[in-house]
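Enquirer:
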Amino acid sequence: MIRQTILDNSLVTSLVVPPVRCLEVAMTVAAVISADEGDPVPALGMEMKVRRRHLDGLFVVEATIGPGAVVFPHTHSREDECSYLLSGELTYLIGDEVRVASAGSYVVRPRGIRHAFWNALGTPARIIEMHTPATFDGFYDRVGAILTGPGLDTPRGRAAFDELSAEYGLVQHWDQVPGLIDRYGMGRR
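If you want it as structure tokens, here you go:
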């Protein structure tokens, strides 16, 4: 009786549930990426280490965040982020919460949550930044040209940055920057 019920349910399920199709998987490559290897990002003090071509679901950068440096508030719509602090200390705004992370800390930022970070100390911090999925891979290839070209202080540079951000599902919260600078002193060093 039980066997017949299972068979009946299996038959009904096969008639009702559409077949699962295999997803196309991008080709990936095995690699050993040495400490002195990676794709540099002009003007940001970072290197892209693990690219989409290596692992389609993961993108990893290694960065030095200098004293007073700030990554202004933004929200990712397509990627989750996780940072690991190799050295130094960084202050993070995640949603409405401010937390200080020191060497050895992981900082997890799911997509859809506004975040920013800055170095409030007089010494550099080093981080490994992981994005998943790897849809953010091409962003840094293009942002360096904006920062070393017109820069964010010009209307042309800001427009180019906002356009690039929108292409990658990134929302910049420029309207919140003055209040955060006043409240936390970000970028003042």
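Start counting the sequence shown at -10; every next residue gets the next number (the numbering used here).
Note that the Cβ used here is the ideal one computed from N, Cα and C, for glycine as well.
In this text, all values refer to a predicted model and were calculated from it rather than measured experimentally.
Rank Ala155, Val21, Asp28 by C-alpha distance to the C-alpha of Asp130 and give the top, closest one.
Expert: For the purposes of this step, residue 130 is identified with residue 141 of the sequence shown, where counting begins at 1. The option with the nearest alpha carbon to Asp130 is Asp28.
Enquirer: Please state whether DSSP places Thr137 in a helix, a strand or coil.
Expert: As a working mapping, residue 137 is identified with position 148 in the sequence shown. For Thr137, the secondary structure class from DSSP, reduced to helix, strand or coil, is helix.
Enquirer: Taking just the CA atoms, how far does Ser66 sit from Asp151?
Expert: What you label residue 151 is simply residue 162 of the sequence shown in a count that begins at 1. What you label residue 66 is simply residue 77 of the sequence shown in a count that begins at 1. When rounded, the distance between both Cα atoms is 14 Å.
Enquirer: In the DSSP assignment, find the unbroken beta strand (DSSP E) run with Val39 in it and report its ends.
Expert: Translated into the one-based positions of the sequence shown, residue 39 becomes position 50. Here the beta strand (DSSP E) through Val39 covers 35 to 39.
Enquirer: Taking one C-beta from the region 45 to 65 and one from the region 109 to 128 each time, how about it: are there three or more such pairs within less than 8 Å?
Expert: yes
Enquirer: Which one of Thr137, His104, Pro99, Ile135 has the shortest CA to CA distance from Thr121?
Expert: On the sequence shown, position 132 is the one that residue 121 refers to. If we check each option's Cα against that of Thr121, Pro99 comes out closest.
Enquirer: Grab me the residues of Arg40's own chain with a C-beta within less than 8 Å of its C-beta, minus the 5 sequence neighbours each way, in chain order.
Expert: Translated into positions along the sequence shown, residue 40 becomes position 51. Here Arg40 has Asp28, Phe48, Ala123, Asp126 as same chain residues with Cβ atoms under 8 Å from its own Cβ, once five neighbours each way along the sequence are excluded.
Enquirer: May I ask you to verify whether the region 59 to 74 touches the region 158 to 171, counting CB pairs closer than 8 Å and requiring at least 3?
Expert: yes
Enquirer: Once you ignore the five residues that flank Gly46 on each side, which residues in its own chain have a CB closer than 8 Å to its CB?
Expert: In the sequence shown, residue 46 corresponds to position 57, counting from 1. Excluding positions up to five away in sequence, the list reads Thr121, Pro122, Ala123.
Enquirer: How far does the beta strand (DSSP E) with Ser72 in it reach, from first residue to last?
Expert: Translated into the one-based positions of the sequence shown, residue 72 becomes position 83. Residues 69 to 76.
Enquirer: Rounded to a whole number of angstroms, what is the C-alpha to C-alpha distance between Ser154 and Ala148?
Expert: Numbered from 1 along the sequence shown, position 165 holds the residue referred to as residue 154. Numbered from 1 along the sequence shown, position 159 holds the residue referred to as residue 148. Computed Cα separation, rounded: 10 Å.
Enquirer: Using CA coordinates, which residue listed in Lys38, Gly34, Leu33 is at the minimum distance from Ala24?
Expert: Stepping through the sequence shown from its first residue, residue 24 is reached at position 35. Considering only alpha carbons, the answer is Lys38.
Enquirer: With 16 as the cutoff for other CB atoms within 10 Å, does Asp171 come out buried or exposed?
Expert: Here residue 171 refers to the residue found at position 182 when the sequence shown is read from its first residue. Classification of Asp171: exposed, given that the 10 Å Cβ count is below 16.
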